[in-house]
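There are 2 protein chains.
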Amino acid sequence: MDLLDRDGLTEREFLEQYRVGDFERPSVAADMVIFTVTNTEADSYRKLPEKELRVLLIRRGGHPYIGKWALPGGFVRPSETTGQAATRELREETGVDDVYLEQLYTFSDMGRDPRTWVMSCSYMALIDSDQVQLKAGDDAADATWFKVTYRLLRERKELLENGYVKTYEYELKLSSEEEELTAVVDRTETVKPTSASTVYSIVSNNGLAFDHAKIIACAIERLRGKVNYSDIALHLMPPLFTLTELQQVYEVILDKELLKAAFRRKVADLVVETDRYTENAGHRPSRLYRRSLED
Amino acid sequence: MDLLDRDGLTEREFLEQYRVGDFERPSVAADMVIFTVTNTEADSYRKLPEKELRVLLIRRGGHPYIGKWALPGGFVRPSETTGQAATRELREETGVDDVYLEQLYTFSDMGRDPRTWVMSCSYMALIDSDQVQLKAGDDAADATWFKVTYRLLRERKELLENGYVKTYEYELKLSSEEEELTAVVDRTETVKPTSASTVYSIVSNNGLAFDHAKIIACAIERLRGKVNYSDIALHLMPPLFTLTELQQVYEVILDKELLKAAFRRKVADLVVETDRYTENAGHRPSRLYRRSLED
DNA sequence: TAAATAGTGTCTCTAAGACATTATCTG
DNA sequence: CAGATAATGTCTTAGAGACACTATTTA
Numbered sequence: 001m002d003l004l005d006r007d008g009l010t011e012r013e014f015l016e017q018y019r020v021g022d023f024e025r026p027s028v029a030a031d032m033v034i035f036t037v038t039n040t041e042a043d044s045y046r047k048l049p050e051k052e053l054r055v056l057l058i059r060r061g062g063h064p065y066i067g068k069w070a071l072p073g074g075f076v077r078p079s080e081t082t083g084q085a086a087t088r089e090l091r092e093e094t095g096v097d098d099v100y101l102e103q104l105y106t107f108s109d110m111g112r113d114p115r116t117w118v119m120s121c122s123y124m125a126l127i128d129s130d131q132v133q134l135k136a137g138d139d140a141a142d143a144t145w146f147k148v149t150y151r152l153l154r155e156r157k158e159l160l161e162n163g164y165v166k167t168y169e170y171e172l173k174l175s176s177e178e179e180e181l182t183a184v185v186d187r188t189e190t191v192k193p194t195s196a197s198t199v200y201s202i203v204s205n206n207g208l209a210f211d212h213a214k215i216i217a218c219a220i221e222r223l224r225g226k227v228n229y230s231d232i233a234l235h236l237m238p239p240l241f242t243l244t245e246l247q248q249v250y251e252v253i254l255d256k257e258l259l260k261a262a263f264r265r266k267v268a269d270l271v272v273e274t275d276r277y278t279e280n281a282g283h284r285p286s287r288l289y290r291r292s293l294e295d
Numbered sequence: 001m002d003l004l005d006r007d008g009l010t011e012r013e014f015l016e017q018y019r020v021g022d023f024e025r026p027s028v029a030a031d032m033v034i035f036t037v038t039n040t041e042a043d044s045y046r047k048l049p050e051k052e053l054r055v056l057l058i059r060r061g062g063h064p065y066i067g068k069w070a071l072p073g074g075f076v077r078p079s080e081t082t083g084q085a086a087t088r089e090l091r092e093e094t095g096v097d098d099v100y101l102e103q104l105y106t107f108s109d110m111g112r113d114p115r116t117w118v119m120s121c122s123y124m125a126l127i128d129s130d131q132v133q134l135k136a137g138d139d140a141a142d143a144t145w146f147k148v149t150y151r152l153l154r155e156r157k158e159l160l161e162n163g164y165v166k167t168y169e170y171e172l173k174l175s176s177e178e179e180e181l182t183a184v185v186d187r188t189e190t191v192k193p194t195s196a197s198t199v200y201s202i203v204s205n206n207g208l209a210f211d212h213a214k215i216i217a218c219a220i221e222r223l224r225g226k227v228n229y230s231d232i233a234l235h236l237m238p239p240l241f242t243l244t245e246l247q248q249v250y251e252v253i254l255d256k257e258l259l260k261a262a263f264r265r266k267v268a269d270l271v272v273e274t275d276r277y278t279e280n281a282g283h284r285p286s287r288l289y290r291r292s293l294e295d
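Top to bottom, those sequences are chains A and B. Residue numbers for the first sequence follow the UniProt record's numbering, beginning at 1 and rising by one. Residue numbers for the second sequence follow the UniProt record's numbering, beginning at 1 and rising by one.
Written out as structure tokens, the structure reads:
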């Protein structure tokens, strides 16, 4: 191809003389919402332990937001994609390498980082609970798993001349053994005859750095959505698990109880039964399953 | 709050002395896949016109990819979000202002722009076919609507020791009155015991600039997915439309035929009937509906 | 009246919800 | 045996698929 541009240059010539302009560029960070599921202590030898959905946060050691908790992440380098940056951060933070990783959303509100112009390309990672026990307080003692709850507090609907604005107000609670962080995040859906848009905003926030409450909210909503029509939740499971455990994971993600019979029908194609069983429970043993690698 | 960092600075002092580092930053562009639906000419006075899904492309006037067709877009400025940049580009390109807009994905592969390090935060916009007729060849005669088809060509599955790789090969065809662009895009899903990932890659490409074939593929898949469980397709409709027209729009998006009775049941809650009817068709008139602004 | 589209009725099939029943382990 | 969980059976309900039938307009 030897097409010439209006200066009479070929593409090769153009690229050779090309100089990166002086216009301002943003920094781009990859921030990750790393989920896992852990067991709580069982009440008695007979009862099963309960499951908790957890997210990894890191206490900030420097300004801005010093002392606040932030998602693991860091700036994307020129030689890598945002996904590679996320993978690198994940390995640095947890030592884990081979996980489910999905890009969520790119946040670019002005002022979201008081230092300079920073966009955040956010990712969600799912780590199975076995892998993660090993590498918890890796290097920084300030990396901690927080239990997550995310609940609809209230719902408002305001009518416009043509259309409406619907606001869903969610409470995000993150609790570690020592601290409890709470944020309230609004999801505002504006619907008009031709347009429609959804905006997240932070109503209140105590303890989380930057706009990370928004990012976590976004991740939970994605996770809840996908759980219903994909095998995504299986990435939170160890290699062998019981169907009751899997159901508990679904329940803790969706924050609602499911019926056993219907649940088992629904996940039947996502798992494969093994001939192994749980042992030494104070009750009937349960068959162990693994993730199906078919389809 | 007067927490001090390790240099003994308050947050205010830290921000005052903060200097943007010298590490390299990417340019970030907002690129948009703008969809609309138009009628083809009817064969006879009796037949209904057919619908076509169309995408707006702009012929590049300079290097790189001179003469190739690209998605409308441009660099994000320091005073705006990626979404605002997309809205601005949309207005500049089509004159349209109030549309459905949704962020898709941020592409950051190295070398995706031969000039320099450029990430693309991509958006999908849906414009109703009435609005768009007006402002077609706005300023640039090189902005043209291309008819889109996106079809699965073949499917491969390769087994690994533990897991598998499944590749879906899609053919993307874009045709205007003068040109036909064809690209083949692979969606590769790698599934292993603990991880899973999906990667798009361009297998062949004639006529499209950059990695825009990937972005268009991504947009069509999002659109197809959302059509089934949301009212997203209604943003492609004019204020008044018949249910047959709406069905045609669903069919052209999904590239498959739907059953009338089932379709009408499914969209019943998304639309509101009016007391108006089509006129002067060579057959029974059809009731006109509008989009429901409830729920 | 023929050609075409508009619109509805209804049977079937599948999946999910609800709930009851049986099975099996451990202390 | 009591207490707990495991696993399955089945009735009901909701929605989609399939297809047939009736209705209404214009040249």
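Cβ coordinates follow ideal geometry from the N, Cα and C atoms, glycine included.
- Chain-ordered listing is empty here: chain B has no CB closer than 8 angstroms to the CB of Val227/A, the nearest sitting near 14 angstroms.
- Pairing Arg276/B with Leu152/B, the inter-Cα distance amounts to about 40 angstroms.
- Straight through space, the alpha carbons of Gly225/B and Glu80/A are spaced by roughly 30 angstroms.
- Look at the region 22 to 50 of chain B: the residues with a C-beta under 8 angstroms from a C-beta of chain A are Phe23, Glu24, Arg25, Pro26, Ser27 and Val28.
- Fewer than three Cβ pairs drawn from the region 3 to 16 of chain A and the region 96 to 105 of chain A lie within less than 8 angstroms of each other, which leaves the two stretches out of contact.
- For Ser108/A, at least one C-beta of chain B is nearer than 8 angstroms to its own C-beta.
- Bounds of any beta strand (DSSP E) do not take in Val252/A; it lies within the alpha helix (DSSP H) bounded by Leu243 to Leu254.
- Between Thr36/B and Ser175/A, the alpha-carbon positions lie close to 47 angstroms from each other.
- Rounded to the nearest angstrom, the Cβ distance from Ala86/B to His212/B is 15 angstroms, too far for a contact under 8 angstroms.
- Contacts with chain B at 8 angstroms (Cβ-Cβ) do not include Arg54/A.
- By the CB criterion at 8 angstroms, Ile215/B and Val33/B fall inside the cutoff.
- In the structure shown, Ala86/B falls within a helical segment according to DSSP collapsed to helix, strand and coil.
- A distance below 7 angstroms between beta-carbons, with the five flanking residues on each side excluded, links Val227/A to the following residues of its chain, in chain order: Ala233, Tyr250, Ile253 and Leu254.
- Straight through space, the alpha carbons of Leu246/B and Asn205/A are spaced by roughly 43 angstroms.
- Taking all protein chains in view, the Cβ of Gln17/B is surrounded by fewer than 16 other Cβ atoms within 10 Å, so the residue is classified as exposed.
- Exclusion of the five residues before and after Arg59/B leaves Gly67, Trp69 and Asp142 as the residues of its chain whose Cβ lies within less than 7 angstroms of its Cβ.
- Counting along the chain, no alpha helix (DSSP H) covers Leu181/A; the unbroken beta strand (DSSP E) around it starts and ends at Glu180 to Val191.
- At a beta-carbon threshold of 7 angstroms, none of the residues of chain B lie near Cys218/A; the nearest stands roughly 11 angstroms away.
- Restricted to the UniProt domain "Nudix hydrolase" (26 to 173) of chain B, the beta strand (DSSP E) segments that are unbroken, complete and at least 3 residues in length are 27 to 39, 51 to 59, 73 to 75, 100 to 107, 118 to 126 and 143 to 160, listed in chain order.
- If you check each beta-carbon in the region 179 to 204 of chain A against every beta-carbon of chain B, the ones closer than 8 angstroms belong to Val191, Lys192, Pro193, Thr194, Ser195, Ala196 and Ser197.
- Boundaries for Arg222/A: no beta strand (DSSP E) harbours it, while the alpha helix (DSSP H) harbouring it runs His212 to Val227, taken from the DSSP string.
- Beta-bridge partners assigned by DSSP to Asn205/A: Ala183/A.
- Arg290/A is bridged by DSSP to Val272/A.
- Judged by their CB atoms, Pro64/A and Glu11/B are nearer to each other than the 8 angstroms cut-off.
- Listed along the chain, the chain B residues whose CB falls inside 7 angstroms of the CB of Glu11/A are His63, Pro64 and Ile66.
- By the criterion of a C-beta distance shorter than 7 angstroms, Glu158/B is surrounded in its chain by Tyr164 and Val165, once the five residues flanking it on both sides are discounted.
- Taking 8 angstroms as the upper bound for CB-CB distance, Ser27/B and Val118/B are in contact here, some 5 angstroms apart.
- Listed by position along chain B, the residues whose Cβ is nearer than 7 angstroms to that of Val132/A form an empty set, because the closest Cβ is around 11 angstroms away.
- Check the Cα spacing between Tyr100/A and each of Asp113/A, Ala125/A, Leu57/A and Gln84/A: the tightest is with Ala125/A.
- In the structure shown, the three-state DSSP call for Ala262/A is helix.
- Contact of Tyr164/A with chain B is assigned, a C-beta pair being separated by under 8 angstroms.
- Distances from the CA of Asp31/A to each of Thr144/A, Asp128/A, Ala219/A and Gly73/A were compared; the closest alpha carbon is that of Gly73/A.
- Shortest Cα-Cα distance from Tyr150/B to any of Lys192/B, Asn162/B and Arg222/B involves Arg222/B.
- Ranked by how close their Cα comes to the Cα of Leu57/A, the residues Val148/A, Glu24/A and Tyr170/A have Val148/A in first place.
- For Arg6/B, there is no enclosing alpha helix (DSSP H), as DSSP marks it with neither H nor E.
- One thing to note: Pro114/A has its Cβ no nearer than 8 angstroms to the Cβ of Arg291/B.
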